[in-house]
Amino acid sequence: AERLKTEGINVFVPEHETAVSLAEFIVRQKIKSVLFWCGNLHREELPVLLKEKNISVTEMAVYQTGLYPVHVTEHYD
Numbered sequence: 020a021e022r023l024k025t026e027g028i029n030v031f032v033p034e035h036e037t038a039v040s041l042a043e044f045i046v047r048q049k050i051k052s053v054l055f056w057c058g059n060l061h062r063e064e065l066p067v068l069l070k071e072k073n074i075s076v077t078e079m080a081v082y083q084t085g086l087y088p089v090h091v092t093e094h095y096d
């Protein structure tokens with residue numbers, strides 16, 4: 020958000036704990052389209068909820084999640 024502000028883009032960052040509450044907020048604002056910045060592996064709740072309300076969602080993957088499994092040899096309580 021801070022970087023966008025330096026580029027002259029108006030940013031409002033609502034404080035929401037879940038995708039459902041964020042989707043409800045977006046719907047109440049009568050927003051017609053959103054740019055959803057996400058990773059390559061993300062949950063689908065937010066885009067699905069918005070699309071159900073006929074809000075256009077453009078997904079932009081801005082990072083890649085790497086899975087690096089580690090074999091644990093120790094025993095833990």
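Be aware that the sequence shown starts at 20, since it is given in the working numbering, and climbs by one per residue.
Note that CB positions come from ideal geometry on N, CA and C, so glycine has one too.
Problem - Residue(s) in a DSSP beta bridge with LEU54 - result: The residue you call residue 54 lines up with position 35 of the sequence shown. Answer is THR77, bridged to LEU54.
Problem - ALA20 versus GLU64 - alpha carbon distance - result: Taking the sequence shown and counting its residues from 1, one reaches residue 20 at position 1. Taking the sequence shown and counting its residues from 1, one reaches residue 64 at position 45. Rounded to the nearest whole angstrom, the CA to CA distance from ALA20 to GLU64 is 22 Å.
Practice task
Could you tell me if ILE97 is buried or exposed, where buried requires 16 or more neighbouring beta carbons within 10 angstroms of its beta carbon?
Solution key: Given that the chain is displayed from residue 20 to residue 96, the structure contains no residue 97 and the question cannot be resolved.
Handout entry: CB contact flag (GLU34, CYS57, <7 Å)
Key = Residue numbering aside, residue 34 sits at position 15 when the sequence shown is read from its first letter. Residue numbering aside, residue 57 sits at position 38 when the sequence shown is read from its first letter. With respect to CYS57, GLU34 sits apart: the two C-beta atoms are not nearer than 7 Å.
Practice task
Take SER52 as the anchor and find which of LEU41, GLU36, LYS70, LEU60 has the nearest alpha-carbon.
Solution key: Reading the sequence shown from its first residue, position 33 is the one you call residue 52. It is LYS70 whose Cα lies nearest to the Cα of SER52.
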